[in-house]
Amino acid sequence: MKSLKIPENQIYNAYLLTGEDREALEQAAQEFAASLLIRDHKLTDSSSAKNANDPDPYTFADPDPIWQSRGYQSVDDWRDSVRLRVEKQIHPDLIRISPDKPEDHPNTISVDNIRRNVADTVDVRPYEAEYKIYLVLQAEKMNPQAQNALLKTLEEPPEYVVIMLLASNADHFLPTILSRVIEIKAGEKDAGESFRTYYQEDWAKETVKFLSEIRYRSIADILQYIDSMNKSKVPMTDLLALLEIVFRDVLCYKGSGDSSLMYAGEISDSIIKLAGELSYEELGRVTDEISRDLRGIRSNVNRDLQLETLLLLLKRASGDKQ
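Numbering-wise (this note's numbering), the sequence shown opens with residue 203 and increments by one.
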């Protein structure tokens, strides 16, 4: 994944950072947050200083800059402290919002979460810095009610507030949210890395097993599988991304016979099995359907119908044994 850099020449109240690599998104967001939290309008660039030969790149336009008011020995000590506290997630002006407690809503950022951590706190000025930063992790998990609650803040944010939404993509957000954020896209995660991330989850293992047995599965089995994905609250984008990787490998192996080219080498037996069952024409129809489904997510097409259509197509293509 390419490195993600957020421009600092102009600061906006709201950003949407999208990409598949959550760690890279969070790292970029934290670096940007640290750069804002060390800003101090009482420090002016040395280009305007009276002594241009002064080795210190800053001169003080005010006798009481932040580092002095907070009791630090130097501006560098203060900046180091800010960066360390951001890294350790203990800076008072950086608020992190993540999905609700696992025992309540493991895959949801609820409206109460947004109200409690954002809406009810934005009017409280920063404790130390010039900015107050909200970092919403896995922001695609905000339900519509939570997004509407956040929208009220985005419409008229205090000047010192910066909200950063981190998400795999922009598909899950209301148009009104998207119209009020600056979207910055990251590069794609390597397909092999993406597969390994997905395959750590039970739903992915269940999906691979189901695919390898699809020709023997009944319509009732397909509906039961879809119900299982719904109960597990598996994002449709993640499910389709997994299928896209698997069938890319199926097509690649069918053409080359080389298992070393697989991104999903952990399930090579299933891939080889599917390659033997599907013709090139049938694989083309399956991959086209996956692509249409990925486009359909943004259009709010019924996900159950999408998945049922895709699996029935795959069942027929693999040689229906029911």
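Ideal Cβ placement from N, Cα and C applies to all residues, glycine included.
Should residue i go down as buried or exposed, given a rule of 16 or more other Cβ atoms within 10 Å for buried?
i: S250; result: Model confidence at S250 stands at a pLDDT of 35, short of 50, so the residue's coordinates are unreliable and nothing is read from them.
i: T355; result: buried
i: G221; result: buried
i: P437; result: buried
i: K334; result: buried
i: R500; result: Here R500 scores only 49 on pLDDT, less than 50, and its place in the model is too uncertain to base an answer on.
i: D223; result: buried
i: V326; result: exposed
i: H293; result: buried
i: A477; result: buried
i: T378; result: exposed
i: Y214; result: exposed
i: D429; result: exposed
i: R419; result: buried
i: R450; result: buried
i: L380; result: exposed
i: A422; result: exposed
i: Q212; result: exposed
i: L507; result: exposed
i: A374; result: Inspection of the sequence shows that residue 374 is occupied by His rather than by Ala. It is buried - the Cβ of H374 has at least 16 other Cβ atoms within 10 Å.
Does DSSP classify residue i as helix, strand or coil?
i: T355; result: helix
i: Y214; result: coil
i: V338; result: strand
i: E222; result: coil
i: R241; result: coil
i: T246; result: Reliability of the predicted coordinates at T246 is poor, the pLDDT of 49 falling under 50, and the value obtained from them is presented with this limitation in mind. Strand.
i: R382; result: coil
i: A369; result: strand
i: K387; result: strand
i: V277; result: helix
i: V363; result: strand
Hey, would you say residue i sits closer than 8 Å to residue j, going by beta carbons?
i: K343; j: N319; result: no
i: L239; j: A231; result: no
i: L352; j: I316; result: yes
i: G521; j: E483; result: no
i: A393; j: Y336; result: no
i: E491; j: L509; result: no
i: D295; j: Y329; result: yes
i: A236; j: R285; result: yes
i: L442; j: L496; result: yes
i: S461; j: S470; result: yes
i: R417; j: K517; result: yes
i: S493; j: I447; result: no
i: S312; j: N350; result: no
i: Y400; j: E468; result: no
i: F234; j: I208; result: yes
Which whole-angstrom value describes the C-beta separation of residue i and residue j, a residue pair presumed to lie in contact below a C-beta threshold of 8 Å?
i: L367; j: A341; result: 4 Å
i: A388; j: A216; result: Rounded, the Cβ-Cβ distance is 17 Å, inconsistent with contact.
i: L463; j: C454; result: 5 Å
i: D452; j: I473; result: The question names Asp, but residue 452 in the sequence shown is Val. About 5 Å separates the two Cβ atoms, so the contact holds.
i: A372; j: E385; result: 6 Å
i: Q272; j: W280; result: It should be noted that the sequence gives Arg, not Gln, for residue 272. 6 Å between Cβ atoms; contact.
i: T439; j: S370; result: 6 Å
i: R527; j: E361; result: As displayed, the chain neither begins before 203 nor continues past 524, which places residue 527 out of reach and without an answer.
i: I424; j: L485; result: The pair is not a contact, with the Cβ atoms about 19 Å apart (cut-off 8 Å).
Can you confirm whether residue i, when its beta carbon is compared against all beta carbons of chain D, has any partner nearer than 8 Å?
i: S458; result: Of the protein chains in the structure, only one exists, and it is not chain D.
Legend entry - Complete alpha helix (DSSP H) runs within the segment 410-462 (minimum length 4 residues, chain order): As far as the segment 410-462 is concerned, its whole alpha helix (DSSP H) runs of at least 4 residues are 421-433 and 438-458.
Inset, instruction - May I have a chain-ordered list of the alpha helix (DSSP H) segments no shorter than 4 residues that lie completely inside the segment 294-324? - result: 313-316
Inset, instruction - Can you check the segment 478-519 for any alpha helix (DSSP H) of at least 4 residues that lies completely inside it and give the ranges in chain order? - result: 482-500 and 505-519
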